[in-house]
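In our numbering, the protein residues as written are 61 to 192.
Beta carbons are placed, not taken as given, at the ideal position from N, Cα and C, and that holds for glycine.
Structure first, commentary second.
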Amino acid sequence: MKKIHLFITAAIIWGIPGFTLTTKGISAYLTQPKSDIWWLLLITAIVLASFFFMFRKIVNRYSNRIMSLPQTNNILQTFPPRGWILLLFMMSLGILLRFIPNIPTSFTACFYTGLGPMLILSAVNFLTHAKK
61 MKKIHLFITA
71 AIIWGIPGFT
81 LTTKGISAYL
91 TQPKSDIWWL
101 LLITAIVLAS
111 FFFMFRKIVN
121 RYSNRIMSLP
131 QTNNILQTFP
141 PRGWILLLFM
151 MSLGILLRFI
161 PNIPTSFTAC
171 FYTGLGPMLI
181 LSAVNFLTHA
191 KK
């Protein structure tokens, strides 16, 4: 695979869950009482900021790694082993959250609406790094 394909793979791996989480988060927001919205938006902003700084570092690190690789690569080289472990952990945590009963929709609204857009932004950043 060419390097550009590794960047596209990374963007897909981060972007699809980001879109899914954003959609679920917005749906959860629509069920919230209007009197709670401003608190939920404040919490969502904190979640957004937290993931922005965390994911920005990760995307830059992984993008630099991809750029340092030879021109032809294996798809598994998109992320280092530690990156694949991180992805598996995040996916497992997401699946686990779906099976925990009585999670408030306010949590889903804040957390998913904060995490989802940052995953999408990270996917866009992978594509931006591919053009460099």
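Apart from the five residues just before and just after residue i, which ones in its own chain have a Cβ nearer than 6 Å to its Cβ?
i, result
"Trp-74", "Leu-179, Ser-182 and Ala-183"
"Met-150", "none"
"Pro-198", "Missing from the structure shown is residue 198; the chain here goes from 61 to 192 and no further."
Compute the beta-carbon to beta-carbon distance between residue i and residue j, rounded to the nearest angstrom, for a pair I have assumed lies under 8 Å.
i, j, result
"Thr-104", "Thr-165", "Wrong, their Cβ atoms sit about 13 Å apart, outside the cutoff."
"Leu-66", "Asn-124", "Not a contact, Cβ separation roughly 12 Å."
State yes or no: is the C-beta of residue i within less than 7 Å of the C-beta of residue j?
i, j, result
"Ala-71", "Leu-187", "yes"
"Leu-100", "Ala-169", "yes"
"Leu-175", "Leu-81", "yes"
"Met-61", "Ile-135", "yes"
"Lys-84", "Tyr-172", "yes"
Identify which residue in the options has its Cα closest to the Cα of residue i.
i, options, result
"Lys-63", "Phe-139, Phe-115 and Lys-117", "Phe-139"
"Asn-185", "Gly-78, Arg-116 and Ile-160", "Arg-116"
"Ile-68", "Tyr-122, Trp-98, Phe-111 and Lys-94", "Tyr-122"
"Phe-111", "Gly-78, Phe-159, Arg-158 and Asn-162", "Gly-78"
"Met-114", "Leu-146, Thr-132 and Ile-155", "Leu-146"
Quick one: residues in its chain with C-beta nearer than 7 Å to the C-beta of residue i, no 5 flanking neighbours on either side, listed in chain order?
i, result
"Val-119", "Ser-182, Asn-185 and Phe-186"
"Ile-86", "Thr-173"
Give me, in chain order, the residues of the same chain whose beta-carbon lies closer than 8 Å to that of residue i; leave out the 5 immediate sequence neighbours on both sides.
i, result
"Phe-163", "The amino acid at residue 163 is misidentified as Phe; the sequence shows Ile. Excluding residues within five positions, the ones whose Cβ falls inside 8 Å are Leu-157."
Would the segment 93–109 and the segment 121–139 be scored as touching if the rule is three or more Cβ pairs under 8 Å?
-> no
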